[in-house]
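4 protein chains.
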Amino acid sequence: MKLSVHQYGKARVRIARVQRDGERHTIHEADVRVMLSGDFASSYLTDDNSKVVPTDTMKNTVNVLALTELGAEIERFGLALGRHFVGKYPQVEQCEVTLSGKTWQRIGEHAHSFTGNDASRTWARVTTTRAGTTVSAGVRDFLVLKTTSSGFAGFPRCEFTTLPETNDRIFSTLISATWDFTSEPASYTAPRERIMSAMLGVFAENFSPSVQVTLAQMGEAALAAVPEIARIHLALPNKHYLLVNLASFGRMNANEVFTPTDEPHGQIEATIER
Amino acid sequence: MKLSVHQYGKARVRIARVQRDGERHTIHEADVRVMLSGDFASSYLTDDNSKVVPTDTMKNTVNVLALTELGAEIERFGLALGRHFVGKYPQVEQCEVTLSGKTWQRIGEHAHSFTGNDASRTWARVTTTRAGTTVSAGVRDFLVLKTTSSGFAGFPRCEFTTLPETNDRIFSTLISATWDFTSEPASYTAPRERIMSAMLGVFAENFSPSVQVTLAQMGEAALAAVPEIARIHLALPNKHYLLVNLASFGRMNANEVFTPTDEPHGQIEATIER
Amino acid sequence: MKLSVHQYGKARVRIARVQRDGERHTIHEADVRVMLSGDFASSYLTDDNSKVVPTDTMKNTVNVLALTELGAEIERFGLALGRHFVGKYPQVEQCEVTLSGKTWQRIGEHAHSFTGNDASRTWARVTTTRAGTTVSAGVRDFLVLKTTSSGFAGFPRCEFTTLPETNDRIFSTLISATWDFTSEPASYTAPRERIMSAMLGVFAENFSPSVQVTLAQMGEAALAAVPEIARIHLALPNKHYLLVNLASFGRMNANEVFTPTDEPHGQIEATIER
Amino acid sequence: MKLSVHQYGKARVRIARVQRDGERHTIHEADVRVMLSGDFASSYLTDDNSKVVPTDTMKNTVNVLALTELGAEIERFGLALGRHFVGKYPQVEQCEVTLSGKTWQRIGEHAHSFTGNDASRTWARVTTTRAGTTVSAGVRDFLVLKTTSSGFAGFPRCEFTTLPETNDRIFSTLISATWDFTSEPASYTAPRERIMSAMLGVFAENFSPSVQVTLAQMGEAALAAVPEIARIHLALPNKHYLLVNLASFGRMNANEVFTPTDEPHGQIEATIER
Numbered sequence: 013m014k015l016s017v018h019q020y021g022k023a024r025v026r027i028a029r030v031q032r033d034g035e036r037h038t039i040h041e042a043d044v045r046v047m048l049s050g051d052f053a054s055s056y057l058t059d060d061n062s063k064v065v066p067t068d069t070m071k072n073t074v075n076v077l078a079l080t081e082l083g084a085e086i087e088r089f090g091l092a093l094g095r096h097f098v099g100k101y102p103q104v105e106q107c108e109v110t111l112s113g114k115t116w117q118r119i120g121e122h123a124h125s126f127t128g129n130d131a132s133r134t135w136a137r138v139t140t141t142r143a144g145t146t147v148s149a150g151v152r153d154f155l156v157l158k159t160t161s162s163g164f165a166g167f168p169r170c171e172f173t174t175l176p177e178t179n180d181r182i183f184s185t186l187i188s189a190t191w192d193f194t195s196e197p198a199s200y201t202a203p204r205e206r207i208m209s210a211m212l213g214v215f216a217e218n219f220s221p222s223v224q225v226t227l228a229q230m231g232e233a234a235l236a237a238v239p240e241i242a243r244i245h246l247a248l249p250n251k252h253y254l255l256v257n258l259a260s261f262g263r264m265n266a267n268e269v270f271t272p273t274d275e276p277h278g279q280i281e282a283t284i285e286r
Numbered sequence: 013m014k015l016s017v018h019q020y021g022k023a024r025v026r027i028a029r030v031q032r033d034g035e036r037h038t039i040h041e042a043d044v045r046v047m048l049s050g051d052f053a054s055s056y057l058t059d060d061n062s063k064v065v066p067t068d069t070m071k072n073t074v075n076v077l078a079l080t081e082l083g084a085e086i087e088r089f090g091l092a093l094g095r096h097f098v099g100k101y102p103q104v105e106q107c108e109v110t111l112s113g114k115t116w117q118r119i120g121e122h123a124h125s126f127t128g129n130d131a132s133r134t135w136a137r138v139t140t141t142r143a144g145t146t147v148s149a150g151v152r153d154f155l156v157l158k159t160t161s162s163g164f165a166g167f168p169r170c171e172f173t174t175l176p177e178t179n180d181r182i183f184s185t186l187i188s189a190t191w192d193f194t195s196e197p198a199s200y201t202a203p204r205e206r207i208m209s210a211m212l213g214v215f216a217e218n219f220s221p222s223v224q225v226t227l228a229q230m231g232e233a234a235l236a237a238v239p240e241i242a243r244i245h246l247a248l249p250n251k252h253y254l255l256v257n258l259a260s261f262g263r264m265n266a267n268e269v270f271t272p273t274d275e276p277h278g279q280i281e282a283t284i285e286r
Numbered sequence: 013m014k015l016s017v018h019q020y021g022k023a024r025v026r027i028a029r030v031q032r033d034g035e036r037h038t039i040h041e042a043d044v045r046v047m048l049s050g051d052f053a054s055s056y057l058t059d060d061n062s063k064v065v066p067t068d069t070m071k072n073t074v075n076v077l078a079l080t081e082l083g084a085e086i087e088r089f090g091l092a093l094g095r096h097f098v099g100k101y102p103q104v105e106q107c108e109v110t111l112s113g114k115t116w117q118r119i120g121e122h123a124h125s126f127t128g129n130d131a132s133r134t135w136a137r138v139t140t141t142r143a144g145t146t147v148s149a150g151v152r153d154f155l156v157l158k159t160t161s162s163g164f165a166g167f168p169r170c171e172f173t174t175l176p177e178t179n180d181r182i183f184s185t186l187i188s189a190t191w192d193f194t195s196e197p198a199s200y201t202a203p204r205e206r207i208m209s210a211m212l213g214v215f216a217e218n219f220s221p222s223v224q225v226t227l228a229q230m231g232e233a234a235l236a237a238v239p240e241i242a243r244i245h246l247a248l249p250n251k252h253y254l255l256v257n258l259a260s261f262g263r264m265n266a267n268e269v270f271t272p273t274d275e276p277h278g279q280i281e282a283t284i285e286r
Numbered sequence: 013m014k015l016s017v018h019q020y021g022k023a024r025v026r027i028a029r030v031q032r033d034g035e036r037h038t039i040h041e042a043d044v045r046v047m048l049s050g051d052f053a054s055s056y057l058t059d060d061n062s063k064v065v066p067t068d069t070m071k072n073t074v075n076v077l078a079l080t081e082l083g084a085e086i087e088r089f090g091l092a093l094g095r096h097f098v099g100k101y102p103q104v105e106q107c108e109v110t111l112s113g114k115t116w117q118r119i120g121e122h123a124h125s126f127t128g129n130d131a132s133r134t135w136a137r138v139t140t141t142r143a144g145t146t147v148s149a150g151v152r153d154f155l156v157l158k159t160t161s162s163g164f165a166g167f168p169r170c171e172f173t174t175l176p177e178t179n180d181r182i183f184s185t186l187i188s189a190t191w192d193f194t195s196e197p198a199s200y201t202a203p204r205e206r207i208m209s210a211m212l213g214v215f216a217e218n219f220s221p222s223v224q225v226t227l228a229q230m231g232e233a234a235l236a237a238v239p240e241i242a243r244i245h246l247a248l249p250n251k252h253y254l255l256v257n258l259a260s261f262g263r264m265n266a267n268e269v270f271t272p273t274d275e276p277h278g279q280i281e282a283t284i285e286r
């Protein structure tokens, strides 16, 4: 028996920090996962726990470091956590921190009151080793829909094909995007905003002949918008809106009434690089 | 054996309608439940299905009526469905339609592209009988948070009490509100906006000595904002943000770092009437 | 402005108790909600919290009482909690305890190791006032399916009906049942087992001409099985298995291949009384 | 701009098949994901869809092949689907089929009635290329708990450590296991049963000095039980049951009362190979 790949840590560590600038408060909230790997084989093969940093200690560390390090950019909190774990424990060769950030929006311009209905999440993964650090950032579950300017035609047909061709359909997808930085940018927020804006522009403006083409165009726009990233990975479910057949009821349905569905769904995934 | 209370219908009927005003499209989307009650006892007590409008027919009816009746106000779609079922089938004495509406927001001012990240839902229940119709409307799961201007003190203590008093805590709740119309308003959207604005104003501006007081003030503000409603029911979970104890680590935590939790949660529910 | 109906409490209080009989352990686990109502209007209308038993104290009470009162019958834990809150605080006029129990099953006959894959939950609601106590018990989300011996025919057709008649379909439902005790039984477990066994027998053995008939027969069998209950409420979603149309592919589908769906679903609800 | 890694397909295709052996029926149900990769770059970079097998066709194919190929072993359905897609379309270089199987259990020995409350899922991934096929199988979310015979001590302490050492705690985990076959076994069911039985035996019988040791022992037992597998990957969340502090209430808590929690949780992942 041989232990090949292994890592351990703490997941779903929820944390919030309130920052006070006089009367004006800001709140930052994230869900954090810390995974360590390195010289831990003995902890699996014997009952020697002398190298096993408790996952409870990891949670405590997230809490303590949040006091000074959790801010508007979840990427920086990941960097601080990675530095801490790799720097402190010789047995840790790699620390992978995955962060999912929640967005709070002010009620009007109120100093300390917020709404939190944005279901999308900011996302980052910071991987720290003794050799250096890599930062990926992104977004999860950002829902978009266009009511037209999307089609799908010219595809191969076989005996199992029943899908009609169309040049006018609803296209809805839940964007999950991951971009990899090649160097540390001055800000993680500015690239995030430029990438999202570029991708939403493509989604809104361009005719989509397939999810694939839209994915590639969105990725290309993201790369053009932010020179500091090397590549972007996009995973786009095709959340089908099925045209309801109203012919049985003597009604036309000129792309007016649809049944939204979650299952089954198309799934298109690709990485676009420079 | 006796059959006492009974109803049946179709739930989770999802429907979307695209309306076209030239190039400019609008999308309305809802999740609909239709429940019928009336002279249906024979269908439980014998194998006679001659009165049982199939739930599949209800789904078809939602689809067909959506073509002309689903618009910006889910209340009106509920009215149309209720009128249909009570008017068409003599065995139906009551039709209760419950609707949960999804909000889509334009990307910039784009004519046909939208984002859909708002996790809160509009809500309505329309109950139609031969005697008339009642309309309740509301909102579900509208998340708010204030970082200060909330406390809880002066409560009774017993041997099972460990909670410290505080005059400065985070207060976060997921608003579920239901308001009952006494008469049909010119618009259902305007009251909805006035009620939400009034309630958010109270939540943001007023010091909260307890969830109870904030609930009552929000309800009172809603009643003041919209004369057409007779009462409002509010259900406010207290989504606790637990102050992290950093004393063990030699740190002060002056209401800066918190653990957000979903369970357990407080739950405060009340109806405010004129 | 007037406060009409109000209650407050703590929800999603999770609790587990390990009981040791020598080497042989038993584990009981439940999710508890405690809601109080009574003389609490002042807490909504003024900032006087002097009557507001903190919901944190309710959680602590669940924890402390679990030490001696949480056992195989969640009903009894609800009774103990209700007695406590109504007995201790004069302002409490009613305590409603809702409990959802988790089932753990021994691995073989092992003394302290268990599996917990049963997704159904036992359920109880105990309502205590100074006038007395009512106990409802039940089950939530108990999933059953029969592959045949179910049909639906003889229903009315209108211009919105497309459903074909059938005398052979899959019938699957997620049983939620609530039975009300008229007197305190010697055991809550024995009635639970007799009711579930009676209902599963009906579901398995009887041809179902409609969900309605099966519901009524299940309810009648439950009443016959347990004299201590006055009535039973059943809520049965019809979890449709849609016959896949394989004709386009030159295949017969003699009730062999189906698409399981969660939405939309039929919903049939009724109370059966003596 | 360059397209590097890409795949597409259909996810959450739900399918059920009823097999009839005279009066005795069996039901098999799965949730299937089919992902294709290969010569598809043109579909991202141009609006040429001539190679894009529609994901709707994939869904139809799942439906049609289920008629003859979906049985007790989800692995074999994955093999049939992989063979189909790689064999039929020259542009497909790899087909990855992921299957999640639902377990139905007979009510007593009834011929056609079942309960479906098992929340764990069987799991398989079949990857087919022109060079050959690899089959991984496993289980997802199989919940176990032991009330004792688990500890955690001898771990390193730092200024962020507050966890006390213990040699008696509850250990609960949701087993996700993936085993890789080196050759096609006569049956996929027999290895599945032997692996699960071996792992549950280790979990139940052995003292656990850490999740890590239990993971390794479970993996080793699985490898010993089934010679046809090369390795097994285990992902074990540590679903903490927190000992409730009852000292404030003057009560001892000798490992009797616990708060079950879902977040945060430990997470231990490793692969055990021969």
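From first to last, the protein sequence lines are chains A, B, C and D. Mapped onto this note's numbering, the consecutive letters of the first sequence carry residue numbers 13 to 286. Mapped onto this note's numbering, the consecutive letters of the second sequence carry residue numbers 13 to 286. Mapped onto this note's numbering, the consecutive letters of the third sequence carry residue numbers 13 to 286. Mapped onto this note's numbering, the consecutive letters of the fourth sequence carry residue numbers 13 to 286. Cβ coordinates follow ideal geometry from the N, Cα and C atoms, glycine included. These figures come from a predicted structure and were not determined experimentally.
Can you check whether the CB of residue j is closer than 8 Å to the CB of residue i?
i: Ala233 (chain B); j: Lys158 (chain B); result: no
i: Ala242 (chain C); j: Glu205 (chain C); result: no
i: Thr140 (chain D); j: Gln106 (chain D); result: yes
i: Thr271 (chain C); j: Ile27 (chain D); result: yes
i: Ser260 (chain D); j: Thr174 (chain B); result: yes
i: Pro249 (chain B); j: His277 (chain B); result: yes
i: Arg29 (chain B); j: Val269 (chain A); result: yes
i: Ala236 (chain C); j: Ala210 (chain C); result: yes
Identify, in the order they occur along the chain, each residue of the same chain with its Cβ nearer than 8 Å to the Cβ of residue i, setting aside the five sequence neighbours on each side.
i: Ala165 (chain A); result: Glu177, Thr178, Asn179 and Pro221
i: Ala282 (chain D); result: Gln224, Leu227, Ala228, Gly231, His245 and Leu246
i: Arg142 (chain C); result: Val98 and Glu105
Which bits of chain B does residue i rub up against, with CB to CB less than 7 Å?
i: Phe172 (chain D); result: Phe261
Quick one: residues in its chain with C-beta nearer than 6 Å to the C-beta of residue i, no 5 flanking neighbours on either side, listed in chain order?
i: Lys22 (chain B); result: Val46, Thr67, Met70 and Lys71
i: Leu54 (chain D); result: For the record, residue 54 (chain D) in the displayed sequence is Ser; it is not Leu. Same-chain partners within the cutoff: Asp60.
Interface residues of chain A around residue i at Cβ under 9 Å?
i: Gly166 (chain D); result: Asp59, Asp60, Asn61, Ser62 and Val64
I want to verify the contact list: residues of chain A whose CB lies under 8 Å from the CB of residue i, in sequence order.
i: Lys314 (chain B); result: The first residue shown for chain B is 13 and the last is 286, placing residue 314 (chain B) beyond what the model contains.
With residue i and residue j assumed to form a contact (beta carbons below 8 Å), what rounded beta-carbon distance in angstroms separates them?
i: Leu77 (chain D); j: Leu91 (chain D); result: Not really, about 11 Å apart at Cβ, beyond 8 Å.
i: His37 (chain D); j: Thr160 (chain C); result: 7 Å
i: Val65 (chain B); j: Leu48 (chain B); result: 7 Å
i: Asn129 (chain D); j: Asp130 (chain C); result: 5 Å
Kindly list the residues whose CB is nearer than 7 Å to the CB of residue i, restricted to its own chain and excluding five residues on each side of it in sequence; keep chain order.
i: Val138 (chain C); result: Glu87, Gly90, Leu91, Gly94, Val109, Thr145 and Val147
i: Lys63 (chain D); result: Asp51, Phe52, Ser54, Ser55 and Gln103
Who are the neighbours of residue i on chain A, taking C-beta pairs under 7 Å?
i: Val30 (chain B); result: Thr159, Asn267 and Glu268
i: Thr146 (chain B); result: Within chain A, no residue comes near Thr146 (chain B); the closest Cβ sits about 27 Å away, beyond 7 Å.
Find the residues of chain D that neighbour residue i, judging by a C-beta separation of less than 8 Å, and give them in chain order.
i: Phe154 (chain C); result: Thr127 and Asn129
For residue i, return the contacting residues in chain B, with the cut-off set at a CB-CB distance below 9 Å.
i: Met13 (chain C); result: Ala228, Gly231, Glu232, Leu235, Ala236, Ile284, Glu285 and Arg286
i: Val109 (chain A); result: In chain order: nothing, as chain B lies at least about 17 Å away.
Fill in: Runs of alpha helix (DSSP H) wholly within the region 184-258 of chain B (minimum 4 residues, chain order)
Counting only runs of 4 or more, we get 201-217 and 223-237.
Fill in: Contiguous alpha helix (DSSP H) assignments of at least 4 residues, all confined to the region 147-189 of chain A
none
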